[in-house]
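Take a look at the structure below.
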Amino acid sequence: MFPVREAQTLAPDVVRLVVEAPRVARYQHPGQFVIVRVREGGERIPLTIAGADAEAGTITLIIQAVGLTTRLLCTLQPGQAILDVTGPLGAPSEVGYEGRVAVVAGGVGSAIAYPRAAALARAGNELVTILGARTADLLTLEDELASVSASLRVVTDDGSRGRRGLVTDVLADDVEAAAAGIAPLDLVLTAGPVPMMGAVADVTRPHGIPTVASLNPLMVDGTGMCGGCRVQVAGATAFACVDGPEFDAHQVDFALLHRRNQAYRDQERAAAEAAQAAAEAAQAEAEADDGCAATQPQPRPTLREAR
Amino acid sequence: MSSTSPSGRTRKERMALPRVEPREHDATERAASFCEVDLGLDWEGAQLEADRCLQCVRPRCIEGCPVGIRIDAFLGKVAEGDIDGAAQIIFDDSSLPAVCGRVCPQESQCEATCVLAKKDKPIAIGQLERYVADAARAHAPPAQRVTPDPDGGSAAIVGSGPAGLACAADLAQAGHEVTVYEALHDLGGVLAYGIPQFRLPRDVLRAEINRLAELGVRFETNAPIGQAEGVDDLLAEHDAVFLGVGAGVPRFLNVPGEDLVGVSSANEFLTRVNLMEAHRPDADTPLPQVAGRRVLVFGGGNTAIDAVRTALRLGAAEATICYRRSEEQMPARVEEIRHAREEGAQFALLTNPVELLDDGTGALAGARLQRMELVEPDDGGRARPKPIPGSEHEVPADLAVVAVGNEPNPLLRRAAPDLERTSRGTIAVDEETGATSKPRVYAGGDIVTGGATVILAMGAGRRAAASMDREIRAAKSGAA
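Protein chains in written order, with this note's numbering: chain G, 238 to 544; chain A, 64 to 543.
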């Protein structure tokens, strides 16, 4: 069990948890993730490690309640625990001096981008960050990102905060400025919804600006065994859990990733509804019987009879 | 050699006894359930079957067993009616007998070398092993915790699959402190995520692992070595390290359409069902709808058969094995192929996929297959399949499962970048000792051999355990 030390609501349906996970805290690097399972019978889902304190043996997870497991995670309070936390998983980010770096994060993608942004800032890079969300309430880690960035531009779909529009509108300006020789752009780092990351890649590709996307495909084991997280990168199959999760965004087939991520949409919705119903049902019912007689060896005589 | 057995039957009478076959769950009933198919022998049957053993002076069966179980001795005990004596022998020689009795390919191992196989049918050694292990589990007191040997040391085992468990068991028995590190949340490796419950019920696996815990083996789940600590970190805390990390990433077909929704590796499909129990109504893990769907499984090994039989149990309207050679060349066990056929699996033999077809929304609609013919054998001696020109045809399908093997997991490169590897990417070891190129580091199982069987992995784990035991003791006495 992995006890929850702190739980804080950052935005509606967005929660920050500090969880005791000493092994992960000790060995993690920016860009890596954990797989968590909240309860017996629970699914395994990947979550980016948003921060870690090796001495305290804790990691920080930022969770947006979208599916069944993330909803359950968002209800956790200090004193409660997560059943399984496995990690660190994935390849660590390459963090070096690049120069001027645009961090483009959408929605809860800011939790994915933040640890690498902080590491890039520590490495002396100048960060020009673009943070977007559907609406002002859903902006997450704005202060944290601002603290490591030279500038932070906020964009919302509805204009409730910052500029109205898409993160790519702002990025397009930066790219143009770079092309005009006004302000260079040496690297773009993006994390968020798949269509957004695809759009970011489309903006930077014509200008050849190196762009890295942190992908979020479906996963089961997270150690390379199941192949469920396979993505097409530069026309070849890659496994996001071991080869990624970060890839050259110009080479990623985002349309394919988007389709594959939708594979269980109906089941996930049904699972969330069924769980709701099950929670209301009697607990005795929850102990499902698979209908098998327990596997018992065939009856044998007592020792006395046998001899 | 005595001419009569404890039963009083003469050798001649015993040789005339027919092989006792296990009871099986009815094919139509079982095709809709995950209950165990093979129901095993009953006591009378077990004793009768054991009595068929001629107690050869030089028992060939043992030569056929990768872990060298004293088969003649335990069969003799069963024939005498001494189950506890039989169990003692089996547990001395094998750490997972209830598992091996179920999943070993006995027909190509111990039973293949049984002298009776020449004349008639060999002794049902696997069934008897299973019978004894099950009976011992139900009735025996917990295993005794082994007192740590003051001259012993400490060993780290990476991976809790068959190789790691076998290695851990022997080292614990020898008095060493043993810690098993497992990346997943549950123990057993392929025995937990790969082998379906209708072949290996979970309670059987759990009981055998619990026995190791009772012996004193420590288990750490959620510990992905190579991602968390590396092998060098383990070497700092332990005297020796065994890597039994399994086969790794799934291989795909390399045909267009492989990433369509509805196409998965057998590892993924089976993990969702076996490890995550996604088919159960109370499980959170999603599973593609299988009921009423047409399922194609590509491959001819045990994993492919497991996948097709699992699909049938989930209510598939049609579940078909597509294999590019003929049935004779299928690597799957004969018994498993028979079971699959009885349960309604179809076999499209000598067919190979050339493309998986898109329904227009990014989901699978079917497959374009081509017919194959067998031509002169390849280097491995197996007939080589060759496409028949003009034989391409399309079949509809809603789901496809790819079961064409695995490649070494790249995590290992991070766990120990300095380990010598073969050209296939597997770890290079000394076959006799399991020693890798790195001092104090041993390896065995699929990460060394590529995809193989549970029992071969166990054999490798045990050989490595013997070398590790020697090396640890030598180092301790040298240091003293």
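Glycine included, C-beta positions come from ideal geometry on N, C-alpha and C.
Only a predicted model underlies this, so the values are computations on that prediction, with no experimental measurement involved.
Host alpha helix (DSSP H) of residue i (start-end)
| i | result |
| --- | --- |
| residue 202 of chain A | 188-202 |
| residue 151 of chain A | 146-156 |
| residue 402 of chain A | 397-405 |
| residue 405 of chain G | 404-416 |
| residue 91 of chain A | 90-93 |
| residue 137 of chain A | 134-143 |
| residue 253 of chain A | 253-256 |
| residue 110 of chain A | 106-114 |
Any chain A beta carbon closer than 9 Å to residue i
| i | result |
| --- | --- |
| residue 462 of chain G | yes |
| residue 317 of chain G | no |
| residue 279 of chain G | yes |
| residue 307 of chain G | no |
| residue 429 of chain G | no |
| residue 458 of chain G | yes |
| residue 538 of chain G | Unreliable positioning characterises residue 538 of chain G in this predicted model, as indicated by a pLDDT of 37, which lies under 50. The coordinate reading is nonetheless provided below. Cβ-Cβ to chain A under 9 Å: yes for residue 538 of chain G. |
| residue 301 of chain G | no |
| residue 434 of chain G | no |
| residue 268 of chain G | no |
| residue 505 of chain G | yes |
| residue 314 of chain G | no |
| residue 321 of chain G | yes |
| residue 493 of chain G | yes |
Residues bridged to residue i [DSSP beta-bridge criterion]
| i | result |
| --- | --- |
| residue 213 of chain A | BP columns for residue 213 of chain A are empty, so no partner. |
| residue 539 of chain A | Paired residues: none, contrary to the question. |
| residue 409 of chain A | A:383 |
| residue 415 of chain A | A:433 |
| residue 349 of chain G | Looking at the DSSP assignment, residue 349 of chain G forms no beta bridge with any residue, so it has no partner. |
| residue 440 of chain A | A:446 |
| residue 361 of chain A | A:385 and A:465 |
| residue 376 of chain A | Looking at the DSSP assignment, residue 376 of chain A forms no beta bridge with any residue, so it has no partner. |
| residue 178 of chain A | Beta-bridge pairing links residue 178 of chain A to no other residue. |
Limits of the beta strand (DSSP E) - the one that residue i falls within
| i | result |
| --- | --- |
| residue 451 of chain G | 448-451 |
| residue 477 of chain A | Careful: residue 477 of chain A lies outside any beta strand (DSSP E), inside the alpha helix (DSSP H) at 474-478. |
| residue 325 of chain G | 321-326 |
| residue 388 of chain G | 388-393 |
| residue 342 of chain G | 337-343 |
| residue 244 of chain G | 239-248 |
Within-9 Å CB hit, residue i to chain G
| i | result |
| --- | --- |
| residue 247 of chain A | yes |
| residue 350 of chain A | yes |
| residue 343 of chain A | yes |
| residue 325 of chain A | yes |
| residue 500 of chain A | no |
| residue 335 of chain A | yes |
| residue 112 of chain A | no |
| residue 347 of chain A | yes |
| residue 386 of chain A | no |
| residue 532 of chain A | no |
| residue 331 of chain A | yes |
| residue 393 of chain A | no |
| residue 55 of chain A | Outside the shown range of chain A (64 to 543) lies residue 55 of chain A, about which nothing can therefore be said. |
| residue 49 of chain A | What is shown of chain A runs 64 to 543, which leaves residue 49 of chain A out entirely. |
| task | Return the residues of the segment 353-369 of chain G that lie within a Cβ-Cβ distance of less than 9 Å from chain A, sorted by chain order. | result | From the segment 353-369 of chain G, no residue has a Cβ closer than 9 Å to chain A.
| Proximal residues, the segment 468-489 of chain G versus chain A, C-beta separation under 9 Å | Answer in chain order: 468, 469, 474, 476, 479 and 480.
| query | Quick one, which residues of the segment 293-322 of chain A are near chain G if we go by CB-CB under 7 Å, in chain order? | reply | For the segment 293-322 of chain A, the set of positions with a beta-carbon nearer than 7 Å to some beta-carbon of chain G reads 311, 312, 313, 315 and 322 in chain order.
| field | Within 9 Å of chain G by C-beta, residues of the segment 356-376 of chain A in sequence order | value | Result list empty, no residue passes.
| Interface residues of the segment 323-350 of chain G facing chain A [CB-CB below 9 Å] | Legend: CB atoms of the segment 323-350 of chain G lying less than 9 Å from CB atoms of chain A belong to residues 323, 324, 325, 326, 327 and 328.
| If contact means a Cβ-Cβ distance below 9 Å, which residues of the segment 462-491 of chain A contact chain G? | Along the segment 462-491 of chain A, going in chain order, the ones with a CB nearer than 9 Å to a CB of chain G are 465, 469, 472, 473, 474 and 477.
| field | Touch test, the segment 439-458 of chain G against the segment 410-424 of chain G, Cβ-Cβ under 8 Å, three pairs minimum | value | Taking 8 Å as the limit for Cβ pairs, the verdict is that the segment 410-424 of chain G does touch the segment 439-458 of chain G.
| request: Output, in sequence order along the chain, the residues in the segment 78-94 of chain A whose CB is closer than 8 Å to any CB in chain G. | output: Sequence-ordered contacts of the segment 78-94 of chain A with chain G are nonexistent [C-beta pairs closer than 8 Å].
| task | Indicate whether the contact test is met: 3 or more Cβ pairs, each with one atom in the segment 360-380 of chain A and one in the segment 456-472 of chain A, closer than 8 Å. | result | Output reads yes: the segment 456-472 of chain A touches the segment 360-380 of chain A.
| Cβ-based contacts, 8 Å cut-off: residues of the segment 279-293 of chain A near chain G | Listed by position, the residues of the segment 279-293 of chain A near chain G (Cβ gap below 8 Å) are 284, 285, 286, 287, 290, 291 and 292.
| message | Tell me which residues of the segment 423-450 of chain A have at least one Cβ-Cβ distance to chain G shorter than 9 Å, keeping chain order. | response | Only 424, 425 and 426 from the segment 423-450 of chain A bring a Cβ to less than 9 Å from some Cβ of chain G.
| Okay, do the segment 318-330 of chain A and the segment 485-498 of chain A touch, 3+ Cβ pairs below 8 Å being the bar? | The segment 318-330 of chain A, when compared against the segment 485-498 of chain A, does not touch it at the 8 Å Cβ threshold.
| query | Within the chosen definition, does the segment 299-306 of chain G reach the segment 240-253 of chain G through at least 3 CB pairs nearer than 8 Å? | reply | A contact exists between the segment 299-306 of chain G and the segment 240-253 of chain G.
| So, do the segment 208-222 of chain A and the segment 328-346 of chain A have three or more beta carbon pairs nearer to each other than 8 Å? | They do not touch, by the three-pair rule.
| request: Indicate whether the contact test is met: 3 or more Cβ pairs, each with one atom in the segment 162-171 of chain A and one in the segment 185-203 of chain A, closer than 8 Å. | output: Yes, since at least three Cβ pairs between the segment 162-171 of chain A and the segment 185-203 of chain A fall closer than 8 Å, the two stretches touch.
| task | Compile a chain-ordered list of the residues in the segment 238-265 of chain G whose CB is closer than 9 Å to at least one CB of chain A. | result | Answer set for the segment 238-265 of chain G: 239, 258, 260, 261, 263, 264 and 265.
| Contact between the segment 452-463 of chain G and the segment 305-318 of chain A: three or more CB pairs below 8 Å? | In short, these stretches touch, since the Cβ pair count reaches three.
| Counting Cβ pairs closer than 8 Å, one from the segment 449-464 of chain A and one from the segment 390-408 of chain A, do we hit at least three? | Taking a contact to require three or more Cβ pairs closer than 8 Å, the segment 449-464 of chain A and the segment 390-408 of chain A do not qualify as touching.
| query | Within the chosen definition, does the segment 350-357 of chain A reach the segment 468-479 of chain G through at least 3 CB pairs nearer than 8 Å? | reply | Two segments are said to touch when three or more pairs of C-beta atoms, one from each, lie closer than 8 Å; by this definition the segment 350-357 of chain A does not touch the segment 468-479 of chain G.
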